[in-house]
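Let me begin by presenting the structure, written as structure tokens, before commenting on it.
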Amino acid sequence: MVIRLRDRLGDAALVLPDSSLGPSDVTNGRFVLGGGWSGDEAGRAWSIPSPVRLPHAFYRDTPPGVRLLRGDTVLPYAPATSERSARIDGWEIEDGRLWLAAPADPGLSDPLLVLEDRATAQTEARMNRETAALDAAGFVEWRTTIQGLTRDVLLLPAPATARFDIADAPAGSTLRFGYALAEPPRPGLSGRAALQVSFDGRVVWEARAETGEPFSEVRLPVPEGASTLTLSTQPLGDPTADWVVFAEPELVPSATPEGPRRVLLIGIDTLRPDHLSRAGYPRPTSPALDAIAAQSIVFERTWAPAPRTRPSFRTAITGRWPLAAIGAPTLADVLSGQGFSTAGVVANVHFLPRLGMAAGSGSWHYTDSADAGPQVDRALRWLKSHEDEDSLLFLHLMDPHVFYLAPEPYRDRFTEGLDRDGAPDRYNRWTVKSWQEDDRLSDDTRAWMEARYDGEIAYLDDEIDRFVRTVDTLPGRTLIVFLSDHGEEFWEHGGYEHNHSLYDEVTRALLWMRPPGGRAGGAVVDTPASLADIVPTVLDALGVPPEDRPPLDGVSLAASDATAPASPVDRALPIGHLMFAPERWAVVKNQHKYFLETGWGGEELYDLRADPEERHDRSGRQDAGLPAWRTALSDATGFPVELGWRIILQGTREPFSLTFPKPFTDAWIIDPEALRSRRANLEWGEVPPLLAGDVATLEARDGGRTLVVTPGREARGVLAIAGPASQTRAHAAEMVVQPGRVVRLGGAPAVVEAGVLIRPTDTEAARLAHVQDPDAIDALRAMGYLEGAD
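With our numbering applied, the sequence shown covers 1098 to 1887.
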């Protein structure tokens, strides 16, 4: 089993400096902007190098945690000041420069401007022992990102030493680590340091490192009988900014005769399984994937828990449904505890390390929207450097996500004869929506866009073929899991892209498992499956004992050797978590899919066997059996589904009360976010514009027979009352209230309806209440996750 030095920090002998900054270098995130301003020709737009480092080149809104002050006055953030289009005192940070609209040199103003940045203050405090508020072991154990690569590290600012007892290291072990100088908390700082590795006091390796260099990798044989290992650092001159890091320092034993175990998760973003040739698709998009499927266990009826990236992949790597998956242990967490080396190579902004899916991965390489080729190269480099170890790698491939810009010759492989009708190469959901609204989206353009998507699949197919062929040359036994997080809609139900409906074109997912060496002839399993089943299946395949497993919602789909299909059990599989349409939930069970809309109670029911394209809604038929489907949805989601009233408030001004003949069972204001077509992206710090309390507050009286409604600041929304039947009559003052009527409540019209209610009892808002820093808003906008031009 691999010995991780970070796991032994509690017993290590650590000697550390108090600080890597001199007194004059400590900023506490506060920068006085004096001289050095440059003005444009008109002398109205002034700029200066930004004293803080920000994750993005441009921000449409104030960068999180940053503010510019003149005395006690906070100046307004106003993008495009460099184009002199903003008012006086408007400012922005763009491409590493701070711009200010001002009539004169800001460096001569009184008082001088001050820029404050919370992130700089926090990072500066964390990187110095005297301000970190951590014991020595807690200070040394760290995680940092250098040139897009995030890794677990030991932070040993020069001069420092860390001595470990390694007497239990197996004979023939190898010490493996990366090294670099960590990125300073602000621009303008740089360091140079010397590094040494010693066994039993004898130096066996030396090197130098400078700020700005990438990680370098080292492998050293552990001398036979060695009992101590010492990592040491020394400054090369001034010790300021000499933040040396040793990345993933581990003692790796020699391979067993059986060779290492290897688990590869290949997550393909936005891939529709029915666009693969093996599914009967008319274009030859996937010859290599078809061949891989013929060696794999193919779970033909797999659903994603959501038609979008974050919740689906969270479920895939934790085995929990999307809400429970927030903060849950990942597969990497579990296998790291079993001695596996773990890594991720990812290309979607939703995989930024701070969002939690990197947990447990010693190495996490994020490159925004990288093509499959570079991703495969990075993954193969990591695998080859860990080829003799039990290992887990999550390889995320962004293709075929928008913008469908595969490299040539794949990009237009299938577009011959199709007229793009003026469509640009780059577009997102919002630009396509505007074309549609303006009647500028022709059938030819739609066909061209879908052909471009298929070209992405062809490119992806070749890169996966290259990856798998190389992996098959590595020693040991490799289990490969292929999955997609959701599909893509091409107007089958009137929409485009994903994250706005729950139909099968966006919720059916790829799930294949290729056992070590492949399975001759493969196997196709018709058992309904979910991405939640991946983790329990992998843990069974590896024989991880039950006591080492976290709670899981999925079930194992295979025997412990990952070659036998699962037992045929038609479970109720929940689907939901929309962002770009009013909230809906769905459940798949017994070859049917049932939908329920949170806000308005609309229901749909489809027989997936007879109607796989979900064209014929059965919910209005007498034999639909809707009560049973409502129960199935409640069981699958864990949310109560029951009959009751909706009262649509339209600007209520005065408190009012409703009295029922019998007690109601529950009452609430439906989350205003559930009614919106584009909800707040909570993990990026967006704040919902309206909360339930802004619509009204509720109080039950008289043993639950009377409901008192007090309007909020924006009393427009939906009041849900569970229990009353469609024939029930309630009283408000001297007025009778019953479904099917428009009445005046609190001085304004209100619509009363009877129907089906669902009340989500767990929400992203509750799970993500601590998230505040939207440090990738612009990357989200570019891909169309947030509305606006890219």
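Glycine included, C-beta positions come from ideal geometry on N, C-alpha and C.
According to DSSP, is residue i part of a helix, a strand, or is it coil?
| i | result |
| --- | --- |
| GLY1889 | Here the chain covers residues 1098 to 1887 and nothing more, so residue 1889 does not appear. |
| ALA1388 | helix |
| ALA1110 | strand |
| GLY1372 | In the sequence as presented, Gly is not what sits at residue 1372; that position holds His. Correct three-state label for HIS1372: helix. |
| GLY1954 | There is simply no residue 1954 to check, as the chain begins at 1098 and stops at 1887 in what is shown. |
| MET1546 | helix |
| TRP1400 | strand |
| GLN1331 | strand |
| ARG1103 | helix |
| ARG1141 | coil |
| LEU1654 | coil |
| THR1124 | coil |
| THR1263 | The amino acid occupying residue 1263 in the given sequence is Ile; Thr does not appear at that position. Correct three-state label for ILE1263: coil. |
| VAL1237 | helix |
| ALA1257 | strand |
| GLU1701 | strand |
| GLU1314 | strand |
| THR1660 | Caution is warranted here: a pLDDT of 44 is assigned to THR1660, below 50, making its placement in the model unreliable, and no coordinate value can be reported. |
| PRO1785 | coil |
| SER1179 | Residue confidence is low: SER1179 scores 47 on pLDDT, short of 50, so the model does not pin down where it sits. Its coordinate-derived value is still stated next. The answer is helix: DSSP assigns SER1179 an H, G or I state. |
| ILE1672 | strand |
In the DSSP assignment, find the unbroken beta strand (DSSP E) run with residue i in it and report its ends.
| i | result |
| --- | --- |
| SER1438 | 1438-1443 |
| ARG1164 | 1163-1167 |
| PRO1846 | 1845-1855 |
| GLU1345 | 1341-1349 |
| TRP1302 | 1299-1307 |
| ASP1714 | Where ASP1714 is concerned, there is no enclosing beta strand (DSSP E), given that its DSSP letter is neither H nor E. |
| ASP1249 | 1246-1252 |
| PHE1491 | 1488-1494 |
| TRP1479 | No beta strand (DSSP E) contains TRP1479, which is instead part of the alpha helix (DSSP H) from 1469-1482. |
| PRO1336 | No beta strand (DSSP E) holds PRO1336; DSSP gives it neither H nor E. |
| ALA1817 | 1813-1819 |
Taking only the alpha-carbon atoms, compute the straight-line gap between residue i and residue j and give it to the nearest angstrom.
| i | j | result |
| --- | --- | --- |
| GLY1698 | LEU1772 | 11 Å |
| ALA1421 | ALA1403 | 14 Å |
| LEU1740 | ALA1729 | 15 Å |
| LEU1113 | ARG1407 | 39 Å |
| ARG1360 | LEU1607 | The amino acid occupying residue 1360 in the given sequence is Val; Arg does not appear at that position. One C-alpha to the other measures close to 17 Å. |
| GLU1307 | SER1287 | 7 Å |
| ALA1659 | VAL1621 | Its pLDDT being 41, under 50, ALA1659 is placed unreliably in this model, and the coordinates cannot settle the point. |
| PRO1808 | ALA1793 | 4 Å |
| SER1295 | SER1116 | 25 Å |
| ARG1451 | LEU1723 | 42 Å |
| VAL1840 | GLN1747 | 11 Å |
| GLU1783 | ALA1819 | 31 Å |
| VAL1123 | PRO1208 | 22 Å |
| PRO1176 | GLY1334 | 42 Å |
| ARG1574 | THR1159 | 50 Å |
| GLN1392 | LEU1480 | 22 Å |
| LEU1197 | ARG1478 | 45 Å |
| GLU1280 | ALA1733 | 46 Å |
| LEU1842 | ALA1851 | 17 Å |
| LEU1106 | PRO1346 | 12 Å |
Tell me the residue span of the alpha helix (DSSP H) that contains residue i.
| i | result |
| --- | --- |
| ASP1708 | Where ASP1708 is concerned, there is no enclosing alpha helix (DSSP H), given that its DSSP letter is neither H nor E. |
| ILE1365 | It is not in any alpha helix (DSSP H) - ILE1365 instead sits in the beta strand (DSSP E) that spans 1358-1365. |
| GLY1790 | 1789-1792 |
| GLN1219 | 1215-1223 |
Could one say the Cβ of residue i lies closer than 9 Å to chain B's Cβ atoms, at least one of them?
| i | result |
| --- | --- |
| THR1762 | Annotation note: the requested chain B is absent from the structure, which comprises a single protein chain. |
Whole runs of the beta strand (DSSP E) within the segment 1733-1758, excluding any shorter than 3 residues: Within the segment 1733-1758, the complete beta strand (DSSP E) runs of at least 3 residues are 1738-1747, 1753-1756.
Entirely enclosed alpha helix (DSSP H) segments - the segment 1583-1630, minimum 4 residues: 1601-1604
Three CB pairs or more closer than 8 Å across the segment 1775-1792 and the segment 1458-1473: no
Contact between the segment 1347-1366 and the segment 1490-1502 (3+ Cβ pairs under 8 Å): yes
Sequence ranges, alpha helix (DSSP H) only - wholly within the segment 1513-1582, length at least 4: 1526-1534, 1540-1568
Three CB pairs or more closer than 8 Å across the segment 1749-1764 and the segment 1797-1806: yes
Three-pair Cβ contact test at 8 Å for the segment 1830-1842 versus the segment 1674-1682: no
Touch test, the segment 1625-1638 against the segment 1647-1656, Cβ-Cβ under 8 Å, three pairs minimum: yes
The segment 1545-1563 / the segment 1381-1390 touching (three or more Cβ pairs under 8 Å): The segment 1381-1390 and the segment 1545-1563 touch, with three or more beta-carbon pairs separated by less than 8 Å.
Sufficient close CB pairs (3 or more, under 8 Å) joining the segment 1809-1817 to the segment 1706-1720: no
The segment 1311-1328 / the segment 1262-1280 touching (three or more Cβ pairs under 8 Å): Flag = yes, the segment 1311-1328 and the segment 1262-1280 touch.
The segment 1340-1353 in contact with the segment 1525-1537 per 3-pair CB rule at 8 Å: no
Inter-stretch contact at 8 Å, needing at least 3 Cβ pairs: the segment 1237-1255 / the segment 1150-1158: The segment 1237-1255 is not in contact with the segment 1150-1158.
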